[in-house]
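For the sequence shown, position 267 (counting from the first letter as 1) is numbered 267 according to this note's numbering, and the numbering increases by one without interruption.
C-beta: ideal position from N, C-alpha, C; glycine also.
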Amino acid sequence: MFQIFGKPRNITEVIRNRKISWLELFYDLIFAVVIGRITDGVVEHFSIQSLINSFIIFGWFFWSWHETSGYFDNHGNDSVLNIGIINIQMILTGIAAIYIPEAIEGHFRYLIIALLPIELMLIFVWYAISYFDAAHGPASKIWSRTYMGAFIFLLTSALVREPVQYILIIVALIINYSAVFFANSALKHEYTTIKMPYVLKDSLIERYGLMTMIALGEMISGLYAKLNNIVPLRLFDFIMGVVLADLIGAVYYQVIGELHIQMHSSVQVMGVRWLFLLDIYLIILNAVFLQLLLAENSRLIKVAFIIVLFASLFMMWVIQRITAQKVADHRAGLGFFTVEFLILIVTIILPTPVMLGLVNLVLLVINIRYRRKINQVLNKP
(Lines of atoms letter the chains of each structure in order from A and count residues from 1; the text may use other names and numbers.)
(Lines give C-alpha, C1' and ligand atoms only; values in the text may rest on other atoms or scores of the structure.)
Protein backbone atom coordinates (compact mmCIF):
# COMPACT_ATOMS: atom_id res chain seq x y z
CA MET A 1 0.00 0.00 0.00
CA PHE A 2 2.87 2.38 0.84
CA GLN A 3 4.24 1.82 -2.67
CA ILE A 4 0.95 3.01 -4.17
CA PHE A 5 -0.03 5.88 -1.86
CA GLY A 6 3.32 6.70 -0.26
CA LYS A 7 3.57 8.07 3.24
CA PRO A 8 4.10 11.49 4.84
CA ARG A 9 7.53 12.89 5.52
CA ASN A 10 8.71 12.47 9.12
CA ILE A 11 9.11 15.63 11.18
CA THR A 12 12.82 14.86 11.58
CA GLU A 13 13.28 14.90 7.79
CA VAL A 14 13.75 18.65 7.62
CA ILE A 15 14.07 20.16 4.14
CA ARG A 16 16.53 23.04 4.33
CA ASN A 17 15.43 26.23 2.56
CA ARG A 18 12.17 24.56 1.53
CA LYS A 19 10.23 26.32 -1.20
CA ILE A 20 6.45 26.54 -1.22
CA SER A 21 5.10 23.94 -3.65
CA TRP A 22 2.64 24.75 -6.44
CA LEU A 23 0.16 22.48 -4.67
CA GLU A 24 0.25 24.65 -1.54
CA LEU A 25 -0.18 27.78 -3.66
CA PHE A 26 -3.14 26.19 -5.45
CA TYR A 27 -4.71 25.29 -2.10
CA ASP A 28 -4.23 28.84 -0.81
CA LEU A 29 -6.12 30.30 -3.77
CA ILE A 30 -9.44 28.77 -2.67
CA PHE A 31 -9.21 31.06 0.34
CA ALA A 32 -9.52 34.05 -1.98
CA VAL A 33 -13.09 32.80 -2.41
CA VAL A 34 -13.52 32.40 1.36
CA ILE A 35 -12.21 35.91 2.06
CA GLY A 36 -14.31 37.41 -0.73
CA ARG A 37 -17.51 35.79 0.51
CA ILE A 38 -16.86 36.85 4.11
CA THR A 39 -16.20 40.42 3.00
CA ASP A 40 -19.23 40.62 0.69
CA GLY A 41 -21.49 39.01 3.28
CA VAL A 42 -20.57 41.47 6.03
CA VAL A 43 -20.85 44.48 3.69
CA GLU A 44 -24.29 43.37 2.50
CA HIS A 45 -25.65 42.57 5.97
CA PHE A 46 -23.58 44.88 8.11
CA SER A 47 -24.26 44.77 11.85
CA ILE A 48 -22.44 43.98 15.08
CA GLN A 49 -23.84 40.45 14.90
CA SER A 50 -22.62 39.92 11.33
CA LEU A 51 -19.14 41.03 12.45
CA ILE A 52 -19.20 38.49 15.29
CA ASN A 53 -20.43 35.80 12.91
CA SER A 54 -17.67 36.68 10.44
CA PHE A 55 -15.06 36.20 13.16
CA ILE A 56 -16.42 32.72 13.95
CA ILE A 57 -16.56 31.79 10.26
CA PHE A 58 -13.04 33.10 9.70
CA GLY A 59 -11.89 31.11 12.73
CA TRP A 60 -13.25 27.87 11.30
CA PHE A 61 -11.95 28.25 7.76
CA PHE A 62 -8.54 29.50 8.78
CA TRP A 63 -8.21 26.86 11.48
CA SER A 64 -8.45 24.28 8.67
CA TRP A 65 -5.98 26.24 6.50
CA HIS A 66 -3.70 26.70 9.50
CA GLU A 67 -3.66 22.98 10.29
CA THR A 68 -3.39 21.75 6.70
CA SER A 69 -0.56 24.20 6.01
CA GLY A 70 1.27 23.22 9.21
CA TYR A 71 0.87 19.54 8.36
CA PHE A 72 2.21 20.02 4.85
CA ASP A 73 5.12 22.12 6.09
CA ASN A 74 6.27 19.39 8.48
CA HIS A 75 5.13 16.26 6.66
CA GLY A 76 4.47 17.26 3.06
CA ASN A 77 5.95 15.54 0.01
CA ASP A 78 4.81 14.51 -3.45
CA SER A 79 3.25 11.22 -2.33
CA VAL A 80 -0.19 10.31 -3.65
CA LEU A 81 -1.46 10.41 -0.06
CA ASN A 82 -0.40 14.02 0.52
CA ILE A 83 -1.56 15.19 -2.89
CA GLY A 84 -4.93 13.61 -2.15
CA ILE A 85 -5.17 15.20 1.30
CA ILE A 86 -4.53 18.76 0.15
CA ASN A 87 -6.79 18.45 -2.92
CA ILE A 88 -9.64 17.01 -0.88
CA GLN A 89 -9.23 19.82 1.64
CA MET A 90 -9.40 22.35 -1.19
CA ILE A 91 -12.60 20.80 -2.57
CA LEU A 92 -14.22 20.61 0.88
CA THR A 93 -13.27 24.22 1.56
CA GLY A 94 -14.82 25.33 -1.72
CA ILE A 95 -18.05 23.51 -0.89
CA ALA A 96 -18.19 24.97 2.62
CA ALA A 97 -17.62 28.48 1.23
CA ILE A 98 -21.01 28.23 -0.53
CA TYR A 99 -22.73 28.62 2.83
CA ILE A 100 -20.75 31.60 4.15
CA PRO A 101 -23.33 34.30 3.23
CA GLU A 102 -26.19 32.61 5.10
CA ALA A 103 -23.90 31.94 8.07
CA ILE A 104 -23.04 35.65 8.14
CA GLU A 105 -26.78 36.24 8.62
CA GLY A 106 -26.79 33.75 11.50
CA HIS A 107 -27.95 30.57 9.76
CA PHE A 108 -25.11 28.14 10.47
CA ARG A 109 -26.66 24.70 9.94
CA TYR A 110 -25.52 24.05 6.37
CA LEU A 111 -22.08 25.50 7.04
CA ILE A 112 -21.76 23.19 10.06
CA ILE A 113 -22.62 20.18 7.90
CA ALA A 114 -20.00 21.30 5.34
CA LEU A 115 -17.37 21.72 8.08
CA LEU A 116 -17.84 18.19 9.44
CA PRO A 117 -15.84 16.42 6.68
CA ILE A 118 -13.06 19.03 7.03
CA GLU A 119 -12.82 18.20 10.73
CA LEU A 120 -12.86 14.47 9.95
CA MET A 121 -10.09 14.90 7.39
CA LEU A 122 -7.82 16.57 9.95
CA ILE A 123 -8.62 13.87 12.51
CA PHE A 124 -7.50 11.32 9.92
CA VAL A 125 -4.40 13.34 9.01
CA TRP A 126 -3.07 13.55 12.56
CA TYR A 127 -4.03 9.97 13.36
CA ALA A 128 -2.10 8.85 10.26
CA ILE A 129 0.94 10.83 11.41
CA SER A 130 0.81 9.08 14.78
CA TYR A 131 1.10 5.82 12.85
CA PHE A 132 3.78 6.86 10.35
CA ASP A 133 6.02 9.16 12.44
CA ALA A 134 7.35 7.65 15.67
CA ALA A 135 8.86 10.94 16.91
CA HIS A 136 5.75 13.04 16.30
CA GLY A 137 3.32 10.23 17.12
CA PRO A 138 2.45 11.01 20.78
CA ALA A 139 1.62 14.66 20.08
CA SER A 140 -0.26 13.73 16.90
CA LYS A 141 -2.46 11.30 18.82
CA ILE A 142 -3.39 14.06 21.26
CA TRP A 143 -4.11 16.37 18.32
CA SER A 144 -6.35 13.75 16.73
CA ARG A 145 -8.23 13.02 19.96
CA THR A 146 -8.74 16.71 20.62
CA TYR A 147 -10.25 17.17 17.18
CA MET A 148 -12.46 14.15 17.76
CA GLY A 149 -13.83 15.91 20.83
CA ALA A 150 -14.45 19.04 18.75
CA PHE A 151 -16.12 16.89 16.07
CA ILE A 152 -18.63 15.58 18.63
CA PHE A 153 -19.60 19.12 19.61
CA LEU A 154 -19.76 20.18 15.95
CA LEU A 155 -21.94 17.20 15.02
CA THR A 156 -24.24 17.89 17.96
CA SER A 157 -24.55 21.52 16.89
CA ALA A 158 -25.92 20.36 13.53
CA LEU A 159 -28.75 18.52 15.33
CA VAL A 160 -29.95 21.24 17.70
CA ARG A 161 -31.55 24.67 17.37
CA GLU A 162 -30.42 28.15 18.26
CA PRO A 163 -29.06 29.40 20.65
CA VAL A 164 -27.56 26.05 21.68
CA GLN A 165 -26.26 25.50 18.14
CA TYR A 166 -24.39 28.80 18.23
CA ILE A 167 -22.81 27.98 21.60
CA LEU A 168 -21.73 24.50 20.49
CA ILE A 169 -20.05 25.68 17.29
CA ILE A 170 -18.04 28.19 19.34
CA VAL A 171 -17.12 25.50 21.88
CA ALA A 172 -15.96 23.18 19.07
CA LEU A 173 -13.85 25.98 17.59
CA ILE A 174 -12.21 26.74 20.94
CA ILE A 175 -11.40 23.05 21.41
CA ASN A 176 -9.75 22.95 17.98
CA TYR A 177 -7.53 25.91 18.81
CA SER A 178 -6.72 24.43 22.24
CA ALA A 179 -5.00 21.30 20.87
CA VAL A 180 -1.53 22.81 21.40
CA PHE A 181 -2.19 23.21 25.14
CA PHE A 182 -3.26 19.58 25.53
CA ALA A 183 -0.23 18.39 23.54
CA ASN A 184 2.31 20.80 25.04
CA SER A 185 4.00 18.25 27.34
CA ALA A 186 4.27 15.69 24.55
CA LEU A 187 5.68 18.32 22.19
CA LYS A 188 8.23 19.43 24.78
CA HIS A 189 9.43 15.84 25.21
CA GLU A 190 9.49 15.34 21.45
CA TYR A 191 11.48 18.48 20.64
CA THR A 192 13.93 17.76 23.47
CA THR A 193 14.44 14.18 22.29
CA ILE A 194 15.05 15.01 18.63
CA LYS A 195 16.87 18.27 19.50
CA MET A 196 14.63 20.41 17.32
CA PRO A 197 14.32 24.17 17.94
CA TYR A 198 10.95 25.83 18.39
CA VAL A 199 10.85 27.68 15.10
CA LEU A 200 8.18 29.00 12.79
CA LYS A 201 9.70 27.93 9.49
CA ASP A 202 10.38 30.52 6.82
CA SER A 203 8.24 28.61 4.33
CA LEU A 204 5.24 28.89 6.67
CA ILE A 205 5.89 32.60 7.26
CA GLU A 206 5.77 32.96 3.47
CA ARG A 207 2.35 31.27 3.49
CA TYR A 208 1.05 33.83 5.98
CA GLY A 209 2.46 36.57 3.79
CA LEU A 210 0.78 35.09 0.73
CA MET A 211 -2.56 34.87 2.55
CA THR A 212 -2.17 38.49 3.66
CA MET A 213 -1.59 39.51 0.05
CA ILE A 214 -4.68 37.53 -1.01
CA ALA A 215 -6.68 39.47 1.60
CA LEU A 216 -5.28 42.75 0.26
CA GLY A 217 -6.10 41.64 -3.28
CA GLU A 218 -9.68 41.04 -2.20
CA MET A 219 -9.69 44.56 -0.74
CA ILE A 220 -8.88 45.90 -4.21
CA SER A 221 -11.39 43.55 -5.84
CA GLY A 222 -14.15 44.83 -3.58
CA LEU A 223 -13.51 48.39 -4.75
CA TYR A 224 -14.75 47.52 -8.25
CA ALA A 225 -18.23 46.95 -6.82
CA LYS A 226 -18.26 50.60 -5.75
CA LEU A 227 -17.06 51.89 -9.13
CA ASN A 228 -20.54 52.12 -10.66
CA ASN A 229 -20.28 55.63 -12.08
CA ILE A 230 -16.84 56.52 -13.38
CA VAL A 231 -16.77 60.17 -12.38
CA PRO A 232 -13.54 61.91 -11.32
CA LEU A 233 -14.33 61.89 -7.57
CA ARG A 234 -15.35 58.22 -7.58
CA LEU A 235 -12.27 57.34 -9.62
CA PHE A 236 -10.10 59.20 -7.09
CA ASP A 237 -11.66 57.16 -4.25
CA PHE A 238 -10.92 53.98 -6.17
CA ILE A 239 -7.29 54.96 -6.75
CA MET A 240 -6.87 55.90 -3.08
CA GLY A 241 -8.28 52.51 -2.09
CA VAL A 242 -5.81 50.68 -4.31
CA VAL A 243 -2.95 52.79 -2.96
CA LEU A 244 -4.13 52.02 0.59
CA ALA A 245 -3.97 48.27 -0.03
CA ASP A 246 -0.55 48.66 -1.62
CA LEU A 247 0.82 50.68 1.31
CA ILE A 248 -0.55 48.22 3.90
CA GLY A 249 1.23 45.45 2.00
CA ALA A 250 4.41 47.54 1.97
CA VAL A 251 4.25 48.04 5.74
CA TYR A 252 3.70 44.29 6.18
CA TYR A 253 6.85 43.42 4.26
CA GLN A 254 8.89 46.17 5.88
CA VAL A 255 7.94 44.92 9.35
CA ILE A 256 7.59 41.16 8.87
CA GLY A 257 9.17 40.28 5.53
CA GLU A 258 12.62 39.35 6.85
CA LEU A 259 11.66 37.75 10.16
CA HIS A 260 13.19 34.44 11.24
CA ILE A 261 11.14 33.29 14.18
CA GLN A 262 12.45 31.10 17.00
CA MET A 263 10.63 30.88 20.32
CA HIS A 264 10.97 28.92 23.57
CA SER A 265 7.96 26.59 23.43
CA SER A 266 5.35 25.15 21.09
CA VAL A 267 2.68 27.30 22.75
CA GLN A 268 4.69 30.44 21.96
CA VAL A 269 5.15 29.40 18.33
CA MET A 270 1.43 28.69 18.03
CA GLY A 271 0.66 32.03 19.66
CA VAL A 272 2.68 33.82 16.98
CA ARG A 273 0.83 31.86 14.30
CA TRP A 274 -2.46 33.03 15.80
CA LEU A 275 -1.25 36.63 15.66
CA PHE A 276 -0.62 36.21 11.93
CA LEU A 277 -4.18 34.91 11.53
CA LEU A 278 -5.59 37.79 13.55
CA ASP A 279 -3.78 40.28 11.34
CA ILE A 280 -5.27 38.63 8.25
CA TYR A 281 -8.73 38.99 9.79
CA LEU A 282 -8.08 42.66 10.58
CA ILE A 283 -7.13 43.24 6.94
CA ILE A 284 -10.40 41.59 5.89
CA LEU A 285 -12.18 44.06 8.18
CA ASN A 286 -10.17 46.85 6.52
CA ALA A 287 -11.72 45.77 3.22
CA VAL A 288 -15.20 45.70 4.76
CA PHE A 289 -14.98 49.18 6.26
CA LEU A 290 -13.33 50.62 3.15
CA GLN A 291 -16.30 49.50 1.05
CA LEU A 292 -18.76 50.84 3.63
CA LEU A 293 -16.81 54.10 3.78
CA LEU A 294 -17.15 54.58 0.02
CA ALA A 295 -20.86 53.74 0.17
CA GLU A 296 -21.87 56.10 3.00
CA ASN A 297 -20.35 59.16 4.65
CA SER A 298 -20.92 57.96 8.22
CA ARG A 299 -18.76 59.25 11.07
CA LEU A 300 -19.13 55.90 12.87
CA ILE A 301 -17.88 53.99 9.82
CA LYS A 302 -14.93 56.36 9.52
CA VAL A 303 -13.99 55.78 13.17
CA ALA A 304 -14.29 52.00 12.75
CA PHE A 305 -12.17 52.13 9.58
CA ILE A 306 -9.38 54.04 11.34
CA ILE A 307 -9.46 51.79 14.43
CA VAL A 308 -9.25 48.60 12.36
CA LEU A 309 -6.49 50.04 10.15
CA PHE A 310 -4.48 51.08 13.20
CA ALA A 311 -5.06 47.67 14.85
CA SER A 312 -3.76 45.82 11.78
CA LEU A 313 -0.62 47.98 11.65
CA PHE A 314 -0.10 47.60 15.40
CA MET A 315 -0.48 43.81 15.12
CA MET A 316 2.33 43.70 12.55
CA TRP A 317 4.56 45.60 14.96
CA VAL A 318 3.62 43.25 17.83
CA ILE A 319 4.61 40.21 15.75
CA GLN A 320 7.95 41.80 14.92
CA ARG A 321 8.54 43.01 18.45
CA ILE A 322 8.07 39.63 20.16
CA THR A 323 9.94 37.59 17.57
CA ALA A 324 12.75 39.64 16.02
CA GLN A 325 16.26 39.52 17.46
CA LYS A 326 17.02 42.85 15.80
CA VAL A 327 14.07 45.23 15.91
CA ALA A 328 14.12 47.78 13.11
CA ASP A 329 12.88 50.58 15.34
CA HIS A 330 13.37 49.82 19.02
CA ARG A 331 12.16 53.31 19.92
CA ALA A 332 8.75 52.74 18.34
CA GLY A 333 6.72 52.29 21.48
CA LEU A 334 3.58 53.72 23.08
CA GLY A 335 4.43 57.32 22.15
CA PHE A 336 5.00 56.50 18.47
CA PHE A 337 1.71 54.63 18.16
CA THR A 338 -0.21 57.22 20.15
CA VAL A 339 0.88 59.94 17.73
CA GLU A 340 0.14 57.69 14.75
CA PHE A 341 -3.37 56.92 16.04
CA LEU A 342 -4.15 60.56 16.84
CA ILE A 343 -3.11 61.67 13.36
CA LEU A 344 -5.22 58.95 11.76
CA ILE A 345 -8.28 59.58 13.93
CA VAL A 346 -8.25 63.33 13.20
CA THR A 347 -8.81 62.54 9.50
CA ILE A 348 -12.41 61.44 10.21
CA ILE A 349 -13.54 65.09 10.25
CA LEU A 350 -12.55 65.44 6.59
CA PRO A 351 -14.50 64.45 3.46
CA THR A 352 -13.87 60.83 2.49
CA PRO A 353 -11.59 61.51 -0.53
CA VAL A 354 -9.39 63.88 1.50
CA MET A 355 -9.43 61.48 4.44
CA LEU A 356 -8.19 58.59 2.29
CA GLY A 357 -5.51 60.78 0.76
CA LEU A 358 -4.16 61.80 4.17
CA VAL A 359 -4.34 58.24 5.52
CA ASN A 360 -2.24 57.11 2.57
CA LEU A 361 0.21 59.92 3.24
CA VAL A 362 0.59 58.73 6.85
CA LEU A 363 1.17 55.16 5.64
CA LEU A 364 3.77 56.40 3.18
CA VAL A 365 5.62 58.19 5.99
CA ILE A 366 5.46 55.03 8.13
CA ASN A 367 6.94 53.01 5.25
CA ILE A 368 9.76 55.51 4.76
CA ARG A 369 10.47 55.51 8.50
CA TYR A 370 10.64 51.71 8.65
CA ARG A 371 12.85 51.58 5.56
CA ARG A 372 15.34 54.00 7.10
CA LYS A 373 15.42 52.10 10.40
CA ILE A 374 15.88 48.76 8.63
CA ASN A 375 18.81 50.16 6.65
CA GLN A 376 20.38 51.42 9.88
CA VAL A 377 20.04 47.97 11.48
CA LEU A 378 21.47 46.21 8.43
CA ASN A 379 24.41 48.59 8.23
CA LYS A 380 25.40 48.12 11.87
CA PRO A 381 28.60 46.05 12.30
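Backbone CA spacing between residue i and residue j [nearest angstrom]
i: Ile-258; j: Tyr-252; result: The displayed chain sequence assigns Glu, not Ile, to residue 258. Approximately 10 Å, taken between the alpha carbons.
i: Arg-372; j: Ile-100; result: 43 Å
i: Phe-314; j: Ile-348; result: 19 Å
i: Val-255; j: Gly-59; result: 24 Å
i: Ala-32; j: Leu-25; result: 11 Å
i: Glu-162; j: Phe-151; result: 18 Å
i: Asp-133; j: Tyr-208; result: 26 Å
i: Gly-94; j: Glu-44; result: 21 Å
i: Gly-106; j: Val-42; result: 11 Å
i: Gly-36; j: Leu-277; result: 16 Å
i: Met-7; j: Gln-262; result: Reading off the sequence shown, one finds Lys at residue 7, where the question assumed Met. Distance between the alpha carbons of Lys-7 and Gln-262: 28 Å.
i: Leu-364; j: Trp-274; result: 27 Å
i: Leu-285; j: Thr-39; result: 8 Å
i: Ser-298; j: Met-355; result: 13 Å
i: Lys-302; j: Gln-49; result: 19 Å
i: Ile-245; j: Ile-30; result: The residue you asked about is not Ile; residue 245 is Ala in the sequence shown. Taking the straight line joining both Cα atoms gives about 20 Å.
i: Pro-197; j: Gly-249; result: 30 Å
i: Ala-103; j: Met-213; result: 25 Å
i: Asp-237; j: Gly-149; result: 48 Å
i: Ser-312; j: Ile-11; result: 33 Å
i: Ala-295; j: Asp-279; result: 24 Å
i: Pro-351; j: Trp-317; result: 29 Å
i: Phe-62; j: Thr-146; result: 17 Å
i: Arg-369; j: Leu-235; result: 29 Å
i: His-189; j: Asn-360; result: 48 Å
i: Phe-108; j: Leu-115; result: 10 Å
i: Thr-68; j: Gln-89; result: 8 Å
Local Cβ density within 10 Å of residue i, reported as buried at 16 or more and exposed below that
i: Glu-218; result: buried
i: Ile-283; result: buried
i: Tyr-224; result: exposed
i: Asn-87; result: exposed
i: Gly-222; result: buried
i: Thr-338; result: exposed
i: Ala-96; result: buried
i: His-66; result: buried
i: Glu-340; result: buried
i: Gly-76; result: buried
i: Leu-187; result: buried
i: His-260; result: exposed
i: Ile-112; result: buried
i: Tyr-131; result: exposed
i: His-330; result: Low per-residue confidence applies at His-330: pLDDT is 49, beneath 50, and the placement is therefore not dependable enough to give any value.
i: Ile-98; result: exposed
Supposed close pair residue i, residue j - CB separation, criterion 8 Å
i: Met-121; j: Leu-155; result: Met-121 to Leu-155, Cβ: 15 Å. No contact.
i: Ile-118; j: Ser-64; result: 5 Å
i: Leu-247; j: Asn-367; result: 6 Å
i: Val-125; j: Ile-85; result: 6 Å
i: Ser-157; j: Ile-169; result: 5 Å
i: Ile-319; j: Val-267; result: Incorrect: roughly 16 Å between the Cβ atoms, too far for contact.
i: Asp-28; j: Leu-216; result: Rounded, the Cβ-Cβ distance is 14 Å, inconsistent with contact.
i: Ala-172; j: Phe-153; result: 4 Å
Cutoff 9 Å: residue i Cβ touching any chain C Cβ
i: Ala-96; result: Although the question refers to chain C, the structure presented lacks it and comprises just one protein chain.
Looking at C-beta atoms only, is the number of pairs between the region 35–55 and the region 74–91 that lie closer than 8 Å three or more? No, because fewer than three Cβ pairs between the region 35–55 and the region 74–91 fall closer than 8 Å, the two stretches do not touch.
Within the chosen definition, does the region 202–219 reach the region 10–30 through at least 3 CB pairs nearer than 8 Å? Yes: at least three Cβ pairs fall under 8 Å.
Using a Cβ distance threshold of 8 Å, determine whether the region 176–183 contacts the region 127–144, with at least three qualifying pairs required. The way I'd put it, the region 176–183 does touch the region 127–144; three or more beta-carbon pairs between them come closer than 8 Å.
Report yes or no: do three or more beta-carbon pairs, one from the region 237–245 and one from the region 288–296, lie closer than 8 Å? Between the region 237–245 and the region 288–296 there are three or more inter-stretch CB-CB distances shorter than 8 Å, so the stretches are counted as touching.
Taking contact to mean at least 3 C-beta pairs separated by less than 8 Å, is the region 333–347 in contact with the region 293–310? In this structure the region 333–347 touches the region 293–310; the number of beta carbon pairs closer than 8 Å is three or more.
Of all the alpha helix (DSSP H) runs that stay within the bounds of the region 261–348, which reach a length of 4 or more residues? Correct list: 266–295, 299–323, 334–346.
Cβ contact (3+ pairs, closer than 8 Å) linking the region 159–176 and the region 186–200: The region 159–176 vs the region 186–200: no contact.
Where in the region 140–216 do unbroken runs of the alpha helix (DSSP H), each at least 4 residues long, occur, reported from the N-terminal end onward? If we require 4 residues or more, the alpha helix (DSSP H) runs fully inside the region 140–216 come out as 164–177, 179–182, 184–193.
Contained alpha helix (DSSP H) runs [length at least 4] in the region 99–130, N- to C-terminal order: Taking only runs of at least 4 residues, the alpha helix (DSSP H) segments lying wholly in the region 99–130 are 100–104.
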